[in-house]
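**Student:** Starting off with a structure, shown below.
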Amino acid sequence: MNVVVTGNNFDRNPRYLVNGFNLAEQNGIVFRRTDDSAFTGNVVTGVRRHPAAVRFEGGKRLRVQDNSVLDSDGEGIALRDVADSIVTGNLIRDARKDRPGAAPGISEQGCAGNLVQGNLTAK
């Protein structure tokens, strides 16, 4: 399956206690088993209680370029079992003084043949 996501603003708006959920959402962006896809020119802000703001699980020939991933828990971008892909020109930062855990960045696990360079991260 291929997907193109470009030019969007994924923002964590202030949460309200509605229907008894009390901040229980598990927000974040996950691509699973996607090939020949692009995630470009997006702004992702304020992802909470998720291992990564943007996560790619399986897939090949992905373009992850020119995104801003800001003030989120966990990694900024996580690649798991991704191959032959490009991750460049992304800004990944967390300016919160009370950030839980280590500063965000880009992580790879089980990946091969990827080009990950030219990203601005806190790591």
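The letter at position 70 of the sequence shown is residue 73 when you use my numbering, and the numbering goes up by one with no holes. Positions of the beta carbon are idealized from the N, C-alpha and C atoms, including for glycine. Since this is a predicted model, take the numbers as computed values, not measurements.
According to DSSP, simplified to helix, strand and coil, what is residue 56?
**Tutor:** In the structure shown, residue 56 sits in a strand (DSSP, three-state: E or B).
**Student:** When the Cα of residue 33 is compared with those of 123, 89, 78, which residue comes out closest?
**Tutor:** 78
**Student:** For residue 65, which three-state DSSP category applies?
**Tutor:** coil
**Student:** Who are residue 35's beta bridge partners in DSSP?
**Tutor:** BP columns for residue 35 point to 60.
**Student:** Excluding five sequence neighbours on each side, which residues of the same chain lie with their C-beta closer than 8 Å to the C-beta of residue 87?
**Tutor:** 63, 64, 115, 116, 117
**Student:** Where are the alpha helix (DSSP H) runs, 4 residues long or more, that stay fully inside the region 78-103, in chain order?
**Tutor:** none
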